[in-house]
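Protein chains in written order, with our numbering: chain A, 119 to 321; chain B, 4 to 82. Idealized CB from N, CA, C, for every residue including glycine.
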Amino acid sequence: MNAAVTVADMSENEDAQRLAAEARDRVRFEEDALALADQVYRVARHLANSREDAEELVQETYVRAFRSWASFQPGTNLRAWLLRILTNLNIDRGRRQQRAPQMQALEANDYYLYDKLADDNDGVSDADRVVERLSQDDIVASLAAVPHDFRDVIVLVDIGDFSYADAAQILDIPVGTVMSRLHRGRRILKGALAETALEEAGT
Amino acid sequence: MSTYTDPCAHCEEMMQPYLDHVLTEHERLEAESHLDECEHCRRRYRFEESLRVYVRQATAEQMRPELRHKLSTLRIPLD
């Protein structure tokens with residue numbers, strides 16, 4: 119009788135300890151995830167078509183992350199894990215349609231933008247001065263005009279600082295596809311920037 | 004790998020992987036030796052590098068404090 123009580127007490131005690139440890143892990147997970155919110159938003163803002171979409175997407179991502187925290191493997195890349203949830207939500211909810219009629223994806227060679235800007239600038243070729251001819255709005259609008267498959271990769275690698283391997287995992291595509299989309303996407307972006315910059319110069 | 008007769012065209016092909024640090028050692032040296040002697044390509048590499056920095060800066064948008072607050076309310080309460 120005595121022994122039975124002791125066993126029951128012990129297992130109750132173990133349960134309580136296990137629950138307390140789990141609660142601690144969960145709280146830490148939530149804090150770690152919230153600490154990454156700025157970085158997650160930064161990427162989300164340009165994966166989505168608008169600030170409103172991005173805010174909604176980030177909220178839904180955190181709802182889902184907090185619910186399924188136990189499936190995160192501690193020690194792996196939490197930011198990539200969150201972005202994986204976010205890109206899946208973005209795709210599932212059909213938010214990836216191009217909002218504006220798709221700009222013709224002009225895929226120039228890598229030097230196209232530079233040559234356009236430098237020509238137009240009486241041969242002034244100091245890199246920073248040439249770059250400064252592009253406004254922040256030009257860049258944001260031109261990026262938004264890049265078709266999604268390419269834009270997703272540019273946003274993850276060039277804005278989010280993810281490695282090719284992380285981007286491949288987040289988007290569930292092969293690393294080779296990340297590389298080719300990144301290279302083509304940057305060329306498309308530069309084509310769009312050149313068009314924007316030249317339009318402005320013409321007006 | 005090189006079938007290019009125009010060294011600048013070859014250098015252009017290597018620009019993105021060069022700036023991403025994914026060229027092999029041999030290719031990297033090849034690109035750098037061309038860059039050392041070619042102002043044309045050097046300027047274009049520099050431009051690409053500053054463009055990347057500029058894109059990163061131009062796209063940095065802070066999230067609104069309302070969203071930050073909202074996210075913290077989504078935490079699952081301890082019971």
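Local Cβ density within 10 Å of residue i, reported as buried at 16 or more and exposed below that
i	result
B/H72	exposed
A/R227	A quick correction: the sequence has Asn, not Arg, at residue 227 of chain A. By the neighbour-count rule (16 or more Cβ atoms within 10 Å), A/N227 is not buried but exposed.
B/E69	exposed
A/G278	buried
A/S260	buried
A/M128	exposed
A/H301	buried
B/T76	exposed
A/A218	Because the pLDDT at A/A218 is just 48, under 50, the model does not fix this residue reliably, and the value given afterwards should be weighed accordingly. Counting Cβ neighbours within 10 Å, A/A218 comes out exposed, since fewer than 16 surround it.
Alpha-carbon spacing of residue i relative to residue j, whole angstroms
i	j	result
A/F147	A/R182	13 Å
A/H266	A/A166	9 Å
A/A286	B/V25	16 Å
B/Y57	A/V249	8 Å
A/R211	B/R59	27 Å
A/D204	A/L274	The identity of residue 204 of chain A in the sequence shown is Leu, whereas the question assumes Asp. Those two C-alpha atoms are separated by around 12 Å.
B/L22	A/Y229	14 Å
A/V125	A/Y180	40 Å
A/A172	B/Q65	12 Å
B/L74	A/Q177	6 Å
A/E132	A/L289	41 Å
A/S298	A/D150	33 Å
B/E28	A/N206	37 Å
B/P10	A/D233	18 Å
A/E317	A/D256	11 Å
A/N195	A/D284	9 Å
B/M17	A/L231	17 Å
A/A198	A/R247	35 Å
CB contact check: residue i to chain B, cutoff 8 Å
i	result
A/A218	Caution applies to A/A218, whose pLDDT of 48 falls short of 50 and renders its modelled position unreliable; the model cannot decide the point.
A/Y230	no
A/N227	yes
A/L252	yes
A/R211	no
A/I257	yes
A/L200	no
A/V248	yes
A/G302	One detail in the question is off: residue 302 of chain A reads as Arg in this sequence, not Gly. So, not an interface residue.
Below-8 Å beta-carbon distance, residue i vs any chain A residue
i	result
B/R55	yes
B/T62	yes
B/S75	yes
B/E15	yes
B/R31	no
B/L81	yes
B/L26	no
B/L70	yes
First through last residue of the alpha helix (DSSP H) which encompasses residue i
i	result
B/H37	E28 to E40
B/M18	P10 to L22
A/N206	L196 to D210
B/E69	P68 to T76
A/T179	R169 to R185
A/F268	H266 to I272
A/R163	A155 to L165
A/L289	Y282 to L289
A/L261	Q254 to A262
Where residue i meets chain E, residues with beta-carbon distance less than 8 Å
i	result
A/E173	Going by chain labels, chain E is absent from the structure shown, which instead holds the protein chains A and B.
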